[in-house]
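Chemist:
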Amino acid sequence: MLRAIDAPFPAHVQTGDSTEPKAPEAKDRYEIPIPKKINYIWLGRTFEDFDQTEIQACVKDNPDYRVRLWLDDFSMLEMEGPSGLPRVFPRASLNIYTSGMNKAISSTHINKTFAMLVRAQMEFYKVRLNKQLRAQIPTVQKFQDFLQQNDLHNVDLLFLSDFYEALFHAEHQRNQNSLCYPSLQTSTLASRWDNLGPEVRLLQWALFERYRGNYAAASNLLRVQLLQTYPGIYVDHHTTVPSIGDITGFRFALTAEHTASQSFLASAPNHPCLQYVRYCILQNYDSLLRDDFKCVTLDYTTMKKPTDPSDFQNPYITETYSLSGPGAFFKAMKDVAEGVLGENVDISKASMKEARVNAKVAKGCALDGGKGTNVVNE
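Start counting at 1 in the sequence shown, then tack on 226, and there's your number in my numbering.
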């Protein structure tokens, strides 16, 4: 039996099937404010690559907002090598995890790699990093020192392993059999996959992307679920965020006429547009499993990362763009505009005229070269 979670988590983690969400009926739905919470995700293993200047400016210009900085603590611990994971895993779980990861690494077949990763990550979900252990991770210490030295008192340092375990726990409560993987063969994965809730499936794909070295795609996946669990604002760590003020009165808007961007997202609780984005992204990734992973790259770690975001000859760019990036996001929003959720929204010509929000927030927000801010409110 999984132990109870003793850290502050949402009272309810949304679970269910991946059917298309429907827009709820509510009075004054456009008056529901977007919570004054700003979420950052840092999947990097080192502190030095994190953009320290932007988060300091964001905190200074938005004193009425609470900032959540999510760190990939498990990955940071994993980086410590042989001395890291044994401090966390029980011996049996460690053997399953390391065996699965080693088989994944040695396999040249992406479908077998994915099956082994799923099995290994099932053990990973059961692990909880305690406060004392986290304090000993050098990268976590650097982040804590950075916040303290710069008086960033309204920044909460949070950890993705807690977020993963909360969703895992909710999935276990929903269906205790869906996470029972005593053994896993490639041939049986597809049939078992449909039993998993969308939250856990999305996390599995995020961990798969992290494993093959595509941190941008992993972040694309995580931010969608993070905003559903913790509504408010998501910002990329390299994005400039001026004073935001209150965000309310939106139906749906792109606040600049540019390609849809995911570098700045704001959402009211349980917004159907965001749920639909998750649904579409899961459809993209689940099709890889159904098609036996044809036409996708197994390993990005040895590939030189592209410097030109418009280089669509590069598989890193094309796969990220279409599976989870701006291409996938804009396609989902185009469906919304065409009425898939019963909403008649023209996202290509949305304006700021009726929205009560500081228009300066539209400036400086970019992802892969596209500029724009996406705000969704019930």
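Don't be surprised by glycine CBs; every beta carbon is placed ideally from N, CA and C. As the structure is a prediction and not an experimental result, all values here were calculated from the model.
(1) Arg-271 lies in the beta strand (DSSP E); which residues open and close that run?
(2) DSSP three-state label for Leu-383, please.
(3) Looking at His-497 and Tyr-266, is the spacing between their C-beta atoms short of 7 Å?
(4) Three or more C-beta pairs under 8 Å: does that hold for the stretch 453–468 against the stretch 514–521?
(5) Can you tell me the Cα-Cα spacing of Val-426 and Ala-283, whole angstroms?
(6) Of all the options Phe-340, Phe-385, Trp-419, which has the alpha carbon lying nearest to the alpha carbon of Asn-401?
(7) To the nearest angstrom, how far is the alpha carbon of Leu-386 from that of Leu-448?
(8) Pop quiz: Val-381 and Val-293 are said to be a contact at Cβ under 8 Å. What is the actual Cβ separation, rounded to whole angstroms?
(9) How big is the Cα-Cα spacing for Ile-470 and Ile-281?
(10) Would you kindly check if the distance between the Cβ of Ser-493 and the Cβ of Pro-457 is under 7 Å?
(11) Using only the alpha-carbon positions, how far apart do Gln-370 and Leu-359 sit?
(12) How about Ala-558 and Tyr-502: do their beta carbons lie closer than 7 Å?
(13) What does the alpha-carbon distance come out to for the pair Phe-273 and Asp-377?
(14) Measuring only the C-alpha atoms, how far is Lys-520 from Leu-269?
(15) Figure out for me which residue from Lys-357, Asp-472, Gln-278 has the closest Cα to the Cα of Leu-303.
(16) Inspect the beta-carbon positions of Arg-504 and Val-467 and report whether they are closer than 7 Å.
(17) Rounded to the nearest angstrom, what separates Leu-393 and Ala-563 at their Cα positions?
(18) In terms of residue numbering, what span does the beta strand (DSSP E) encompassing Ser-493 cover?
(19) Can you give me the C-alpha to C-alpha distance between Asn-446 and Gln-375, rounded to a whole angstrom?
(20) Would you call Val-522 buried or exposed, if buried means 16 or more other Cβ atoms sit within 10 Å of its Cβ?
(21) My output table needs one value for Gly-565: the three-state DSSP class, helix, strand or coil.
(22) Which word fits Pro-364, buried or exposed, when buried means at least 16 other C-beta atoms lie within 10 angstroms of its C-beta?
(23) For Gly-423 and Pro-259, I'd like the C-alpha separation in whole angstroms.
(24) Go through its chain and collect everything with a Cβ distance to Pro-261's Cβ below 7 Å, but skip five positions before and after it.
(25) Comparing alpha-carbon positions, which option in Tyr-441, Tyr-547, His-379 lies nearest Ser-301?
(26) What do you get for Ala-592, buried or exposed, if any count of 16 or more other CB atoms within 10 angstroms of its CB means buried?
(27) What would DSSP say about Leu-429, mapped onto helix, strand or coil?
Modeler: With the structure as the only source:
(1) Run containing Arg-271: none; DSSP gives neither H nor E here.
(2) Of the three classes helix, strand and coil, the one that applies to Leu-383 here is strand, per DSSP.
(3) no
(4) These segments do not touch.
(5) 34 Å
(6) For Asn-401, the nearest C-alpha among the options comes from Trp-419.
(7) 10 Å
(8) 4 Å
(9) 14 Å
(10) yes
(11) 14 Å
(12) Note that the C-beta distance between Ala-558 and Tyr-502 is below 7 Å.
(13) 18 Å
(14) Their backbone Cα atoms lie some 27 Å apart in a straight line.
(15) Lys-357
(16) no
(17) 30 Å
(18) 490–493
(19) Taking the straight line from one Cα to the other gives about 30 Å.
(20) exposed
(21) Here Gly-565 sits in coil by DSSP.
(22) exposed
(23) Taking the straight line from one Cα to the other gives about 28 Å.
(24) Pro-457, Gly-458
(25) Among Tyr-441, Tyr-547, His-379, the Cα nearest to that of Ser-301 belongs to Tyr-441.
(26) Note that Ala-592 scores 28 on pLDDT, short of 50, meaning its location in the model is unreliable; the coordinates nonetheless yield the value given after this. Buried is the call here.
(27) helix
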